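S.K.: In terms of the UniProt record's numbering, the sequence shown opens at residue 1 and continues consecutively. Beta carbons are placed, not taken as given, at the ideal position from N, Cα and C, and that holds for glycine. Just so you know, these numbers come straight off a predicted model, no measurement behind them.
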Amino acid sequence: MTVYFLTGKLGSGKSLMSVSKIREYLEAGRRVATNLDIYLDAMFTNNKSSIVRLPDKPRIEDMKALGSGYESDDPRDNTESKYGLIVLDECGTWLNSREWNDKGRRALIDWFLHARKHRWDVIFLIQDIEACDGQIVRALCEHLVICRRMDRYRVFKVRLPRFHIATVYYGTTANKGNFVERWVYRGTELYAAYDTRQCFSDGLEFHGNDLVDMRAMYSVLSAYHVKGRYITSPAASVSFGQRLARFAFWAVWGPYLLWLSLFDSERFKRQYLQQRQRDSVLIADRQITFERE
1 MTVYFLTGKL
11 GSGKSLMSVS
21 KIREYLEAGR
31 RVATNLDIYL
41 DAMFTNNKSS
51 IVRLPDKPRI
61 EDMKALGSGY
71 ESDDPRDNTE
81 SKYGLIVLDE
91 CGTWLNSREW
101 NDKGRRALID
111 WFLHARKHRW
121 DVIFLIQDIE
131 ACDGQIVRAL
141 CEHLVICRRM
151 DRYRVFKVRL
161 PRFHIATVYY
171 GTTANKGNFV
181 ERWVYRGTEL
191 YAAYDTRQCF
201 SDGLEFHGND
211 LVDMRAMYSV
221 LSAYHVKGRY
231 ITSPAASVSF
241 GQRLARFAFW
251 AVWGPYLLWL
261 SLFDSERFKR
271 QYLQQRQRDS
281 VLIADRQITF
291 ERE
């Protein structure tokens with residue numbers, strides 16, 4: 001199991017990095033659950049993988065309902081390359097110290113502590129890790145990821161092109177000795193795959209005089225079911241051998257046919273009409289044979 005705390009300033013590409021990871025997991029056929037609004041039809045065309053949309057602020061009931069990150073008949077099977085992925089945004093609003101006594105909060109944190117046993121990888125998105133409760137950070141933060149948007153920087157007064165770099169550190173501090181890897185994404189093809197203006201709510205609504213918890217999880221249809229099945233399959237591609245045979249045919253007979261059409265047009269017309277007549281007789285014979293049968 002891998003747990004990432006993805007941090008960065010506003011617009012630094014935290015959501016874009018997460019959506020890129022979501023795409024990687026879906027392409028590998030692995031499960032994904034998130035509280036982000038994801039549009040799979042903008043990410044794929046014929047991919048049949050769906051995702052689970054969690055409430056903006058998930059509850060312990062939602063996490064338990066997810067089940068395992070992947071199913072296996074062997075209880076000893078624990079292949080981490082098959083783990084599912086949970087992506088949770090705006091964690092600073094419900095993983096801070098002010099919300100520690102919130103109902104169900106401790107049970108939820110306990111579930112994340114045991115996420116490995118449920119075969120899930122987890123990505124928490126938060127602007128600053130200091131905004132998260134220190135006990136949670138020390139208990140859960142396996143990797144600290146710092147996102148940067150490079151077009152905000154200038155080199156010799158020249159603005160860099162727009163792309164995003166996420167530097168991954170092992171542990172809770174960004175020291176060179178803890179450096180693990182870098183993720184580099186441009187990600188322009190993913191801009192339409194998620195809602196960058198998504199607003200998060202607690203899901204509580206008043207119905208009459210009662211405050212009702214309206215939070216619920218649901219499945220998002222795959223790109224195939226939304227778009228792919230309605231697209232006509234492209235024509236079968238022509239193999240190299242077929243293209244070579246066609247080229248050879250026209251290379252041999254093309255000049256002769258061109259000569260007939262230009263210099264012996266009457267002969268060409270006669271041959272064409274004779275061929276049409278033979279084809280008509282053949283079709284008529286087939287129809288008579290079919291009627292007799």
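Only counting the same chain, and skipping five residues up and downstream in sequence, which positions put a Cβ closer than 6 Å to that of residue 153?
M.R.: One-based indexing of the sequence shown puts residue 153 at position 153. Correct list, in chain order: 160.
S.K.: Would you call the CB atoms of residue 180 and residue 168 closer than 8 Å?
M.R.: Position 180 of the sequence shown, counted from the start, is the residue given in the question as residue 180. Position 168 of the sequence shown, counted from the start, is the residue given in the question as residue 168. Yes. Within cutoff.
S.K.: Helix, strand or coil: how does DSSP classify residue 308 here?
M.R.: There is simply no residue 308 to check, as the chain begins at 1 and stops at 293 in what is shown.
S.K.: Leaving out the 5 sequence neighbours to the left and right, which residues in its chain are closer than 7 Å to residue 224 when beta-carbon positions are compared?
M.R.: Position 224 of the sequence shown, counted from the first residue, corresponds to residue 224. Cβ neighbours of residue 224 beyond the five flanking positions: 46, 47 and 48.
S.K.: Taking the DSSP output, what are the residues bridged to residue 218?
M.R.: Taking the first residue of the sequence shown as 1, we reach residue 218 at position 218. For residue 218, which the question treats as bridged, DSSP gives the partners 53.
S.K.: Whose C-beta lies closer than 7 Å to the C-beta of residue 104 among residues of the same chain, with five residues either side of it excluded?
M.R.: By one-based count along the sequence shown, residue 104 stands at place 104. So the qualifying residues of the chain are 59 and 60.
S.K.: How many Å lie between residue 251 and residue 239 at the Cα?
M.R.: Translated into the one-based positions of the sequence shown, residue 251 becomes position 251. Translated into the one-based positions of the sequence shown, residue 239 becomes position 239. Whole-angstrom Cα-Cα distance: 18 Å.
S.K.: In terms of residue numbering, what span does the alpha helix (DSSP H) encompassing residue 62 cover?
M.R.: Here residue 62 corresponds to residue number 62 of the sequence shown, with the count starting at 1. Where residue 62 is concerned, the enclosing alpha helix (DSSP H) stretches over 60-66.
S.K.: Would you grab the beta carbon distance between residue 116 and residue 70 for me? Rounded to a whole angstrom, and I think it's under 8 Å.
M.R.: By one-based count along the sequence shown, residue 116 stands at place 116. By one-based count along the sequence shown, residue 70 stands at place 70. Going by Cβ atoms, the distance from residue 116 to residue 70 rounds to 13 Å, so no, they are not a contact pair.
S.K.: So residue 33 is in the beta strand (DSSP E); what residue range does that whole segment cover?
M.R.: Counting from one through the sequence shown, the residue named residue 33 turns up at place 33. Residue 33 -> beta strand (DSSP E) spans 32-34.
S.K.: Taking residue 370 as the reference, give the member of 80, 90, 37 and 193 with the closest Cα.
M.R.: Examination of residue 370 is not possible in this model, given that the chain is present from 1 through 293 alone.
S.K.: When we look at the beta-carbon of residue 175 and count the other beta-carbons within 10 Å, is it buried (16 or more) or exposed?
M.R.: For the purposes of this step, residue 175 is taken as residue 175 along the sequence shown, with counting starting at 1. So residue 175 counts as exposed.
S.K.: Let me know the alpha helix (DSSP H) ranges lying completely inside the segment 140-164, each 4 residues or longer, listed in chain order.
M.R.: If only uninterrupted alpha helix (DSSP H) runs of at least 4 residues are considered, none is enclosed by the segment 140-164.
S.K.: Given this structure, state the Cα-to-Cα distance separating residue 164 from residue 210, to the nearest angstrom.
M.R.: On the sequence shown, position 164 is the one that residue 164 refers to. On the sequence shown, position 210 is the one that residue 210 refers to. Those two C-alpha atoms are separated by around 45 Å.
S.K.: Would you kindly check if the distance between the Cβ of residue 217 and the Cβ of residue 107 is under 8 Å?
M.R.: Taking the sequence shown and counting its residues from 1, one reaches residue 107 at position 107. Taking the sequence shown and counting its residues from 1, one reaches residue 217 at position 217. No, the Cβ-Cβ distance between residue 107 and residue 217 is not below 8 Å.
S.K.: Can the beta-carbon of residue 51 be found closer than 8 Å to that of residue 34?
M.R.: Position 51 of the sequence shown holds residue 51. Position 34 of the sequence shown holds residue 34. Yes, the pair counts as a contact, with Cβ atoms nearer than the cut-off.
S.K.: If you reduce the DSSP assignment to three classes, tell me which class residue 128 lands in.
M.R.: Your numbering for residue 128 matches position 128 in the sequence shown. It is coil, neither helix nor strand.
S.K.: Per DSSP, which residues does residue 120 bridge with? Please list them.
M.R.: Residue 120 sits at position 120 when you count from the first residue of the sequence shown. Answer is 84, bridged to residue 120.
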